[in-house]
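Undergrad: Going by numbering that gives the first Met the number 0, the sequence shown opens with residue 0, and the numbers climb by one from there.
Beta carbons: idealized from backbone N, C-alpha and C, even for Gly.
Here it is: the structure, laid out below.
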Amino acid sequence: MIRRLQAAGLLAALALVAAAPAQAQVAKRNALEVAHLMLAMHREPLAVYSYAQLYESCTERTASPEFAAAPNAQDQLQRALLELAAAWHRVPEAEANKLALQCKRRMMKLMGPRGRYFTPVELEAWRKGSGFDPGLLLTRAEGQWVVREAVAGGPAAAAGLQAGEVLLSVDGRPVADLGGNELSELLFIPVASPVQLVSQRPGEPPQTRTVARAQTAPEKIVVAGQAPGHFYIRMAGFFEGIPVRLVESLRAQPVDGSGVRVLDLRGNPGGRFDEAQAVLALLGRHGNAGTWYPLQYRPGSAEAKPFSATESVNRIKGTAATGIVELREWLVPGKWLVLVDSDTASAAAWLASALRELNGAVLVGQPSEASDFGVDVLQTVEESGGMAGVRYEVSLLGLPSGKALTVDNARPDAVTRLAPGNIKPLPRSVADWLQDPLYTQIKDRLRP
Numbered sequence: 000m001i002r003r004l005q006a007a008g009l010l011a012a013l014a015l016v017a018a019a020p021a022q023a024q025v026a027k028r029n030a031l032e033v034a035h036l037m038l039a040m041h042r043e044p045l046a047v048y049s050y051a052q053l054y055e056s057c058t059e060r061t062a063s064p065e066f067a068a069a070p071n072a073q074d075q076l077q078r079a080l081l082e083l084a085a086a087w088h089r090v091p092e093a094e095a096n097k098l099a100l101q102c103k104r105r106m107m108k109l110m111g112p113r114g115r116y117f118t119p120v121e122l123e124a125w126r127k128g129s130g131f132d133p134g135l136l137l138t139r140a141e142g143q144w145v146v147r148e149a150v151a152g153g154p155a156a157a158a159g160l161q162a163g164e165v166l167l168s169v170d171g172r173p174v175a176d177l178g179g180n181e182l183s184e185l186l187f188i189p190v191a192s193p194v195q196l197v198s199q200r201p202g203e204p205p206q207t208r209t210v211a212r213a214q215t216a217p218e219k220i221v222v223a224g225q226a227p228g229h230f231y232i233r234m235a236g237f238f239e240g241i242p243v244r245l246v247e248s249l250r251a252q253p254v255d256g257s258g259v260r261v262l263d264l265r266g267n268p269g270g271r272f273d274e275a276q277a278v279l280a281l282l283g284r285h286g287n288a289g290t291w292y293p294l295q296y297r298p299g300s301a302e303a304k305p306f307s308a309t310e311s312v313n314r315i316k317g318t319a320a321t322g323i324v325e326l327r328e329w330l331v332p333g334k335w336l337v338l339v340d341s342d343t344a345s346a347a348a349w350l351a352s353a354l355r356e357l358n359g360a361v362l363v364g365q366p367s368e369a370s371d372f373g374v375d376v377l378q379t380v381e382e383s384g385g386m387a388g389v390r391y392e393v394s395l396l397g398l399p400s401g402k403a404l405t406v407d408n409a410r411p412d413a414v415t416r417l418a419p420g421n422i423k424p425l426p427r428s429v430a431d432w433l434q435d436p437l438y439t440q441i442k443d444r445l446r447p
């Protein structure tokens with residue numbers, strides 16, 4: 000009943016705004032679009048914000064005492080929308096459009112670090128899977144964003160950026176205090192516009208480069224092989240087909256009896272959660288886990304489904320060869336080290352923490368830069384230019400213990416130092432791993 004009354008109040012406000020004079024078309028359109036977004040946010044399943052809260056976020060002004068006292072009142076909502084329309088009618092069209100866009104983006108920030116508004120053009124680009132970036136892999140080191148790797152053949156590599164350079168600013172905005180999501184949104188955009196990067200190599204003055212953006216595709220890197228005294232595995236993300244490739248790589252290796260396994264999830268951005276579940280099914284010790292839910296929806300949700308190692312393994316078997324049981328017999332027992340860093344995100348952080356609970360794995364590296372962990376959904380909102388989109392968190396990531404994954408329980412057991420001047424590209428082979436600075440730091444841990 001409460002939501003019906005809220006929706007009724009918004010519809011009344013929409014009718015009032017729509018009846019505004021024709022000469023106020025731009026302001027009317029923008030106010031209507033803001034109103035539609037407000038209605039969409041009231042349907043969000045994890046948190047329902049009052050119209051007064053949305054108004055304050057949109058305008059960066061405190062709501063009137065009358066509005067604050069009745070935050071969902073129809074007459075107060077109408078007055079607020081008309082105030083917005085009147086303010087936007089007094090400025091040039093381009094400025095009004097800019098103010099409305101800023102309003103929408105600010106409202107979506109209420110939905111947490113991953114809350115985001117997509118214009119119709121942006122939404123179409125993201126749905127097609129297209130995006131443009133300079134081709135940089137960055138990591139956090141001693142409070143700075145440092146180039147881990149300039150992707151071979153990408154614009155950043157062509158412009159001369161190298162591993163170890165500290166990134167100082169993007170398009171004039173300093174980046175040291177930005178979170179990973181914020182920095183990613185500055186670099187990765189749906190249009191192919193150039194970006195100005197200021198970076199600094201150790202012992203040299205800062206350099207300013209204007210770098211093109213190009214369409215990029217994630218590298219599907221899977222490394223698996225024997226190393227001195229241990230078995231090394233690395234995955235660069237959980238994209239479609241990664242579990243199958245992992246099985247194929249493991250099948251190509253002789254049985255390893257060292258009893259020590261190193262799973263490298265540094266720089267792993269996550270990806271498809273069902274693929275991460277398949278990897279956990281392959282690597283985890285599930286015997287004593289009991290029933291648990293990898294996705295924790297709001298209480299009473301029919302979406303919640305328990306984890307099934309058998310179901311996930313069968314998904315792999317459907318496209319790979321048999322022999323997974325034999326692989327698990329030699330691979331799963333023994334001591335596990337999982338390597339993490341500031342860029343181990345979402346599904347990768349979940350896999351690391353789940354293996355800590357199931358296998359007794361020790362997590363080694365740097366804490367994640369994520370401010371929280373969860374699963375997002377994308378919802379469409381009708382606008383004059385087409386269908387816009389809003390993204391927000393719909394569930395938390397659940398661990399075998401029944402706890403939700405948090406920044407605190409994703410922290411590594413042993414924190415290693417990552418100095419900006421000692422950063423190299425992540426391994427693409429076992430030989431690369433043996434030259435990795437972290438290998439030297441953890442050699443003493445590679446004993447059964």
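From what residue to what residue does the alpha helix (DSSP H) around Asp443 run?
TA: Taken as a continuous stretch (DSSP letters only), Asp443 belongs to no alpha helix (DSSP H), as it is neither H nor E.
Undergrad: Could you give the C-beta distance for Leu338 and Val363, rounded to a whole number, given that I count them as a contact under 8 Å?
TA: Leu338 to Val363, Cβ: 6 Å. Contact.
Undergrad: Using a Cβ-Cβ cutoff of less than 6 Å, which residues in the same chain neighbour Arg244 once the five nearest sequence positions on both sides are dropped?
TA: Around Arg244: Val221.
Undergrad: Terminal residues of the continuous beta strand (DSSP E) containing Lys219?
TA: Premise fails: Lys219 is in no beta strand (DSSP E) and is neither H nor E.
Undergrad: In three-state DSSP terms, what is Glu123?
TA: Here Glu123 sits in helix by DSSP.
Undergrad: Go ahead and pull the three-state DSSP assignment for His229.
TA: In this structure, His229 counts as strand in the three-state DSSP scheme.
Undergrad: Consult DSSP for Met110 and reduce its assignment to one of helix, strand or coil.
TA: Coil at Met110, not helix or strand.
Undergrad: Let's see if you can read the secondary structure: which residues bound the beta strand (DSSP E) around Tyr292?
TA: Element bounds for Tyr292: n/a, residue is neither H nor E.
Undergrad: Using 8 Å as the Cβ pair cut-off and three pairs as the minimum, do the region 152-170 and the region 196-213 touch?
TA: Contact between the region 152-170 and the region 196-213 is present, because at least three Cβ pairs lie under 8 Å.
Undergrad: Taking Val145 as the reference, which of Pro119, Asp342, Gln24, Val261 has the closest Cα?
TA: The option with the nearest alpha carbon to Val145 is Asp342.
Undergrad: With which residues is Thr209 paired in a DSSP beta bridge?
TA: According to DSSP, Thr209 bridges with Gln195.
Undergrad: By DSSP's criteria, Ala387 is part of a beta bridge. Which residues make up the other side?
TA: Val380.
Undergrad: What residues in its chain sit with their C-beta under 6 Å from that of Val25, if we drop five residues either side in the sequence?
TA: If we look at Val25 and ignore the five residues flanking it on each side, its Cβ neighbours are Glu92, Ala95.
Undergrad: Less than 8 Å separating the beta-carbons of Trp329 and Leu354?
TA: No, Cβ-Cβ distance for Trp329 and Leu354 is not below 8 Å.
Undergrad: Hey, how far is the Cα of Leu437 from the Cα of Phe272?
TA: Using only the alpha carbons, I get a separation of about 27 Å.
Undergrad: Using a Cβ-Cβ cut-off of 7 Å (strictly less than) and excluding sequence neighbours within five positions of Asp435, which residues of its own chain qualify?
TA: These residues qualify, in order along the chain: Lys423, Pro426.
Undergrad: Quick one: give me the first and last residue of the beta strand (DSSP E) that Arg327 is part of.
TA: From DSSP, Arg327 is part of no beta strand (DSSP E) but of the alpha helix (DSSP H) over 323-330.
Undergrad: Based on Cα-Cα distance, which residue from Leu357, Ala162, Ala62 lies nearest to Leu398?
TA: If we check each option's Cα against that of Leu398, Leu357 comes out closest.
Undergrad: Are Thr415 and Gln365 touching if we call contact CB-CB under 8 Å?
TA: In this structure, Gln365 lies closer than 8 Å to Thr415 by Cβ.
Undergrad: According to DSSP, is Gln365 part of a helix, a strand, or is it coil?
TA: Coil at Gln365, not helix or strand.
Undergrad: Rounded to whole angstroms, what is the Cα-Cα separation between Leu404 and Glu203?
TA: Their Cα atoms are separated by approximately 41 Å.
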